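Novice: I'd like to ask some things about the structure below.
2 protein chains.
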Amino acid sequence: MRIGQLARKMGVDTQTIRFYEKEGLLPTPDRQKNGYRTYGKKHGEELAFILGCRLLNLSLSEIRQLQVCRKNPHQPCAAINTLLDDHIARVQSQIATLEALQQQLAVLRKQCDDDRAVAECGILAGIGEGPR
Amino acid sequence: MRIGQLARKMGVDTQTIRFYEKEGLLPTPDRQKNGYRTYGKKHGEELAFILGCRLLNLSLSEIRQLQVCRKNPHQPCAAINTLLDDHIARVQSQIATLEALQQQLAVLRKQCDDDRAVAECGILAGIGEGPR
DNA sequence: TGTTGACCTTATAGTCACTATAAGGTGTTA
DNA sequence: TAACACCTTATAGTGACTATAAGGTCAACA
Ligand SMILES: [Zn+2]
Ligand SMILES: [Zn+2]
Ligand SMILES: [Zn+2]
Ligand SMILES: [Zn+2]
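Residue numbers (our numbering), protein chains in the order written: chain P, 1 to 132; chain C, 1001 to 1132.
See the structure below:
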């Protein structure tokens, strides 16, 4: 399978596949005589794993760590569990940050009832005052 | 006031101030004979406005739009209100995305009760399957 | 035979809002 | 004279791609 077929099959851009290869996330593929990359089942599975991780917002660095685990199936899985726990904690803190922001923005939005002049817009005035 | 004093007063790095100047967010300051930048009250106020916007996660491009409004105080403020509405909508969609992710991660985390071998870790297995 | 077209290759730059580093000039104090 | 804090510009790095350029490969068609 060439890179374009793999890309269509997995729903990514060919550039993304080459990018993952350069980053060491995908094993270097064999080449045809003309230099074209050739992919097999193994590459497809690894790419599927990477894309599954990316859907979970795992970073490339986190994916690399998980790949090390995958290559050592007889080791304990504690590192995996810890990695996921940390990731979950980070997502939760992002949510908390965004919810606080949403609250601030809602308050700010109420400072203007529309159809004013800029000089009377409570939103612009509210931004200058900082968070309070 | 020189750049270091302004930076300390506003709680940012001097590089950030120079960066905002390069981006056209801060008016170009006067220079002393030795080339040092000199800032006055006007610059401090503009920087405070920018930092207030950044605390609200407004992008530099959004800030530029707000600055145009600020310079035209007799225009209607509709653009400001719309910009904020759009921004609020984006924050809400980010929250929704992260909450869906959090849900997926919680389900995934339950696939492993710890202290297994990597080969038996339900988390690694669950990632490969994708989101359902 | 020539040429279109889809595909492949590498290399480079851009995104966003900074942050870090390097290499050097200025000005006050010890 | 030297140390020190401060200033200057220029350049590169962050993360995960995405876009562009410039060119090579191969099958099909006139
Ligand atoms: Zn993470
Ligand atoms: Zn308004
Ligand atoms: Zn926005
Ligand atoms: Zn586990």
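Just so it is clear, CB atoms sit at the ideal spot from N, CA and C, and this is done for glycine as well.
The model shown is predicted, which means the values in this text are computed figures rather than measured ones.
1) Given D1030 (chain C), which residues of its chain have a CB within under 7 Å of its CB, disregarding the five upstream and five downstream residues?
2) Could you check if N169 (chain P) belongs to the surroundings of ligand 4, using beta carbon to heavy atom distance under 6 Å?
3) In three-state DSSP terms, what is D1030 (chain C)?
4) Does any C-beta atom of chain P lie closer than 7 Å to the C-beta of I1017 (chain C)?
5) Determine the extent of the alpha helix (DSSP H) in which C53 (chain P) is found, giving its start and end residues.
6) Counting only runs that start and end within the stretch 1005 to 1029 of chain C, where is the alpha helix (DSSP H) found for 4 or more residues in a row?
7) Could you tell me how far apart the beta carbons of P1027 (chain C) and E1046 (chain C) are, in whole angstroms, since I believe they sit closer than 8 Å?
8) What I want to know is whether the C-beta of H87 (chain P) ends up closer than 6 Å to one or more non-hydrogen atoms of ligand 1.
9) With a threshold of 7 Å between beta-carbons, can L98 (chain P) be considered close to chain C, or not?
10) So is Y1036 (chain C) buried or exposed if we call it buried at 16+ other beta carbons inside 10 Å?
11) Go ahead and pull the three-state DSSP assignment for R37 (chain P).
Specialist: According to the structure shown:
1) T1038
2) Nothing can be reported for residue 169 (chain P), as the shown portion of chain P is limited to 1 through 132.
3) strand
4) no
5) 41 to 55
6) 1014 to 1022
7) 7 Å
8) yes
9) yes
10) exposed
11) strand
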